[in-house]
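One structure is given below, encoded as structure tokens.
Chains as they are written, first to last, in my numbering: chain Z, 20 to 187; chain R, 51 to 483.
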């Protein structure tokens with residue numbers, strides 16, 4: 020069956036069973052390999068992407084429910100040479116160890132910062148609670164999110180808009 | 051009429067007379083409802099209480115789930131400030147730590163007993179029935195004193211609850227005295243000599259400090275429990291609290307053991323996982339003496355099965371092909387979002403988790419709890435202790451949740467379809483906590 024998705028600002032047509040979780044379509048059909056398969060049960064957050072701006076477990080989101088919604092993955096935030104603000108903050112804080120959870124962490128953090136650019140530490144902790152890191156880099160991840168928040172504050176309004184352009 | 055119109059003085063007299071009658075009425079009501087303050091006391095020292103009494107109070111505090119309401123998300127235990135949404139506005143729970151200024155540190159034993167039995171604060175103001183004193187009033191003085199001993203030996207925390215936000219005129223507390231005339235019966239618990247010791251113990255706990263009926267009974271329009279309908283099922287924080295009497299659709303399958311396992315562990319293989327506000331209750335019940343949980347199970351089982359006929363069979367219904375043909379969209383969503391855990395044979399179903407075909411939520415007459423589980427998920431009060439379900443609030447629309455619920459009901463039960471699912475999904479999403 021042909022399914023139309025809106026991913027990182029672009030319309031993408033894929034041939035897939037409508038019950039297929041978004042994660043498999045992203046990785047296998049669209050070659051967007053940032054989101055990772057962790058548990059397949061919504062318990063670890065490695066597969067987190069944004070759906071209409073909210074953090075969502077892509078492993079539990081069948082493409083059938085995505086009609087008319089926009090999906091944003093870590094690839095939609097920036098590139099290795101032009102990273103987005105949150106990506107840059109994670110890099111500056113060296114928040115990744117093995118890196119497997121990081122795309123999911125970045126996307127969940129992005130969903131928070133899109134909604135609340137200046138979250139409190141308690142808000143950050145509560146919001147990030149669903150995502151796990153088995154290497155134990157949580158303290159660096161929290162620092163990176165705070166840093167991203169500060170970087171956003173320091174940015175002129177015009178440049179904040181520039182990152183939003185990539186948002187589908 | 052016309053004569054009055056030309057004699058404005060008479061109209062003014064009528065207004066004055068009305069005002070005087072009204073003020074007299076207010077005065078009489080105030081006199082009838084006024085309660086004197088009880089003098090503050092010096093905070094009792096922990097050494098004033100025996101360890102045995104404090105230990106007993108600890109178990110009773112868990113049986114009453116005191117900490118669940120009197121603790122906010124970020125706050126210290128028993129320091130209050132948790133928002134309780136009610137149809138009448140938001141009430142913030144009070145600080146029941148022994149802090150002298152902001153808690154109950156200056157309360158005497160008598161002041162504590164009066165609050166629990168008559169719903170009156172130490173300074174004489176009436177308490178809202180969000181504090182379930184209509185049930186606590188049945189507790190013995192000995193138990194109330196044990197609770198007092200327990201609270202007075204906790205860590206004192208300074209915390210002032212935010213002001214309640216109630217619809218006018220409910221902020222005027224003397225009105226509560228009128229409410230109490232209808233709904234507060236200050237009677238001691240009367241044991242039934244024809245029943246077992248365990249049954250009577252269970253009845254005492256369920257009807258008194260356990261205050262189970264506070265959620266599991268229907269309420270009338272002014273927040274009182276409907277007469278003669280105790281345990282006929284109610285609502286709590288956007289979830290349905292199922293009936294605990296014979297009207298429960300699965301009443302016949304709740305044995306004493308099943309109830310015990312559910313209450314003690316928050317999960318029972320052939321019925322349910324304690325979700326929503328019941329989760330923290332089972333967490334509390336895991337910390338009380340085993341005999342008390344068994345006694346509660348004995349009593350509730352007798353309410354659900356008055357004739358004591360318990361069915362032990364478990365019907366496992368799975369009409370996959372039929373449901374997929376009738377609800378193809380629901381089937382697609384189920385396969386992508388739910389099957390990893392809920393498909394018969396999935397790893398979770400081998401961990402003594404309820405199958406959807408035996409889950410109370412799926413077999414209930416109302417779809418509310420099934421929809422609520424989809425939107426809110428299921429969260430353990432303590433991480434990793436009881437089952438977890440992620441929330442699908444942001445990925446499923448109301449229409450998609452309705453289609454999914456219709457598919458699940460059709461596939462895993464032989465019961466009538468849920469009606470008006472689309473409207474139910476919108477309503478439940480709005481009530482979500």
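In this text, a Cβ means the ideal position worked out from N, Cα and C, and glycines have one as well. From a predicted model like this one, the values you see are computed outputs, not experimental measurements.
Assignment of residue 307 of chain R by DSSP, reduced to helix, strand and coil, places it in the helix class. Per DSSP, reduced to three states, the secondary structure at residue 150 of chain Z is coil, with no helix or strand assignment. For residue 392 of chain R, the three-state secondary structure derived from DSSP is helix. Shown here, residue 399 of chain R sits in a helix according to DSSP, grouped into three states. By alpha-carbon distance to residue 348 of chain R, the top candidate from R/250, R/172, R/128, R/147 is R/250.
Between the alpha carbons of residue 84 of chain R and residue 153 of chain R lies a gap of roughly 22 Å. Any Cβ of chain Z closer than 8 Å to the Cβ of residue 445 of chain R would place that residue at the interface, and such an atom is present.
Using a Cβ-Cβ cut-off of 7 Å, residue 75 of chain Z is close to 444, 445 of chain R, given in chain order. As DSSP reads the structure, residue 139 of chain R sits in a beta bridge with R/136, R/216. Linking residue 20 of chain Z to residue 83 of chain Z through their CA atoms gives a straight-line distance of about 10 Å. Each of Z/146, Z/157, Z/164, Z/118 was checked against the Cα of residue 56 of chain Z, and the nearest Cα belongs to Z/118.
Looking at the DSSP output, residue 73 of chain Z bridges to Z/70. The Cβ neighbour count for residue 418 of chain R, taken over all protein chains shown within 10 Å, is at least 16; the residue is labelled buried. Nearest CB-CB separation between residue 371 of chain R and chain Z: not below the 8 Å threshold. Rounded to whole angstroms, residue 322 of chain R and residue 312 of chain R show a C-alpha spacing of 8 Å. Note: residue 328 of chain R is not bridge-paired with any residue in the DSSP secondary-structure output.
When the beta-carbon positions are compared, residue 42 of chain Z and residue 63 of chain Z stay at least 8 Å from each other.
The residue among Z/164, Z/156, Z/114 with its C-alpha nearest the C-alpha of residue 137 of chain Z is Z/164. Closest by C-alpha distance to residue 134 of chain R, out of R/288, R/225, R/195, is R/288. Closest in C-alpha terms to residue 211 of chain R, from the list R/270, R/425, R/463, R/130, comes R/130. Nearest in C-alpha terms to residue 308 of chain R, of all of R/333, R/343, R/291, R/110, is R/343. Counting every other CB atom within 10 Å of its CB across the protein chains shown gives residue 355 of chain R a total of 16 or more, marking it as buried.
Ranked by Cα distance from residue 306 of chain R, the options R/346, R/280, R/329, R/325 are led by R/346.
In the DSSP assignment, the residues bridged to residue 81 of chain Z are Z/40. Nearest CB-CB separation between residue 116 of chain R and chain Z: not below the 8 Å threshold.
DSSP places residue 155 of chain Z in the coil class of the three-state scheme, outside both helix and strand.
The beta-carbon separation of residue 81 of chain Z and residue 149 of chain Z, rounded to 19 Å, does not stay under the 8 Å limit for a contact.
The alpha carbon of residue 427 of chain R has as its nearest neighbour, out of R/336, R/127, R/445, the alpha carbon of R/445.
Here the C-alpha atom of residue 143 of chain Z lies approximately 25 Å from the C-alpha atom of residue 481 of chain R. Interface flag for residue 119 of chain R against chain Z is unset, since no Cβ pair is found closer than 8 Å. With a 10 Å radius around the Cβ and a threshold of 16 neighbouring Cβ atoms, residue 160 of chain Z comes out buried. DSSP places residue 25 of chain Z in the uninterrupted beta strand (DSSP E) bounded by 21 to 26.
Between the alpha carbons of residue 467 of chain R and residue 353 of chain R lies a distance of about 28 Å.
With respect to residue 69 of chain Z, residue 90 of chain Z sits close: the two C-beta atoms are nearer than 8 Å. Around the C-beta of residue 61 of chain R, fewer than 16 other C-beta atoms lie within 10 Å, and the residue is accordingly described as exposed. Rounded to whole angstroms, the separation of the alpha carbons of residue 127 of chain R and residue 94 of chain Z is 44 Å.
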